[in-house]
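Numbering (our numbering), first residue to last: 178 to 336.
Below is the structure:
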């Protein structure tokens, strides 16, 4: 139950390596994937967590190994958060930057393509903000968390 079958430091190294790999993989899938999770994304995350479990614990299923792995992941996550807070370059690398999708009613197709965002998904986000068409949008931004912020054009008094 308590004795380790691996060295404690090996569990820490394994946890750090798996954490970094997952950050890279999730970063490559794009902001939209994390911010707008579908049932398929949830299944992927559950299967992914099961797939990397053995890589992290090396077959050691002791309570001690689980505690070391959990503390390692939480610590690395805290340190990455602290590092991204202190370094804007690292923040951009890990979290990305917001992307302008629409400005003054014009859709930026390159930004949509880069974000793997379909027109259907964009239109759904616009509708959820009470916007009937793209021409009503002053700007729409894909935020780092995957949410699309929409700011409508001001209506003139003649409208």
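All C-beta atoms, glycine included, are put in the ideal place defined by N, C-alpha and C.
None of these values were measured; they are calculated from a predicted model.
How should residue 249 be labelled, buried or exposed, when 16 other C-beta atoms within 10 angstroms of its C-beta is the threshold for buried?
Residue 249 sits at position 72 when you count from the first residue of the chain shown. By the neighbour-count criterion, in which a residue is buried when 16 or more other Cβ atoms sit within 10 angstroms of its Cβ, residue 249 is buried.
Taking the alpha-carbon of residue 179 as reference, which of 187, 202 and 240 has the nearest alpha-carbon?
As a working mapping, residue 179 is identified with position 2 in the chain shown. When each option's Cα is compared against that of residue 179, the closest is 240.
What is the residue span of the beta strand (DSSP E) that residue 327 lies within?
Here residue 327 corresponds to residue number 150 of the chain shown, with the count starting at 1. It spans 325-329 - the beta strand (DSSP E) in which residue 327 sits, taken as one unbroken run.
Helix, strand or coil for residue 283? Go by DSSP, reduced to three states.
Your numbering for residue 283 matches position 106 in the chain shown. Three-state result, residue 283: strand.
In whole angstroms, what separates the C-alpha of residue 254 from that of residue 273?
In the chain shown, the residue the question calls residue 254 occupies position 77. In the chain shown, the residue the question calls residue 273 occupies position 96. Spanning the two alpha carbons is a distance of roughly 17 Å.
Assuming residue 195 and residue 232 form a contact by the criterion Cβ under 8 Å, report the distance between their Cβ atoms to the nearest whole angstrom.
Here the question's residue 195 lines up with position 18 in the chain shown. Here the question's residue 232 lines up with position 55 in the chain shown. The pair is a contact, with the Cβ atoms about 6 Å apart (cut-off 8 Å).
Please check the pair residue 317 and residue 278, which I expect to be a contact at CB under 8 Å, by giving their CB distance rounded to whole angstroms.
Looking up residue 317 in the chain shown gives position 140. Looking up residue 278 in the chain shown gives position 101. In this structure, residue 317 and residue 278 form a Cβ contact; the two beta carbons are roughly 5 Å apart against a cut-off of 8 Å.
What's the gap between the Cα of residue 286 and the Cα of residue 225?
By 1-based counting over the chain shown, the position of residue 286 is 109. By 1-based counting over the chain shown, the position of residue 225 is 48. Between residue 286 and residue 225, the C-alpha separation is close to 31 Å.
With a threshold of 16 other CB atoms inside 10 Å of the CB of residue 327, please say whether the residue is buried or exposed.
In the chain shown, counting from the first residue as 1, residue 327 sits at position 150. Buried, since its Cβ has 16 or more Cβ neighbours within 10 Å.
By the 10 Å Cβ neighbour count, where 16 or more other Cβ atoms means buried, how is residue 276 classified, buried or exposed?
Walking along the chain shown from the start, residue 276 turns up at place 99. With 16 or more other Cβ atoms within 10 Å, it is buried.
Assuming residue 187 and residue 236 form a contact by the criterion Cβ under 8 Å, report the distance between their Cβ atoms to the nearest whole angstrom.
Here residue 187 corresponds to residue number 10 of the chain shown, with the count starting at 1. Here residue 236 corresponds to residue number 59 of the chain shown, with the count starting at 1. Contact between residue 187 and residue 236 fails: their C-beta atoms lie close to 11 Å from each other, not under 8 Å.
Count the other CB atoms, across all protein chains shown, that sit within 10 Å of the CB of residue 337; report buried if there are 16 or more and exposed otherwise.
Only positions 178 to 336 of the chain appear in this structure, which leaves residue 337 out of reach.
Whole angstroms are fine: how far does the CA of residue 293 sit from the CA of residue 210?
Within the chain shown, numbered from 1, the residue matching residue 210 stands at position 33. Within the chain shown, numbered from 1, the residue matching residue 293 stands at position 116. Low confidence applies to residue 210: its pLDDT is 48, below 50, so where it sits in the model is not reliable enough to give any reading.
Residue environment, residue 192, which counts as buried when at least 16 other CB atoms sit within 10 Å:
In the chain shown, counting from the first residue as 1, residue 192 sits at position 15. When all chains shown are included, residue 192 counts as buried.
Determine the DSSP secondary structure at residue 296, reduced to helix, strand or coil.
As a working note, residue 296 is residue 119 in the chain shown. Note: residue 296 maps to helix in three-state DSSP.
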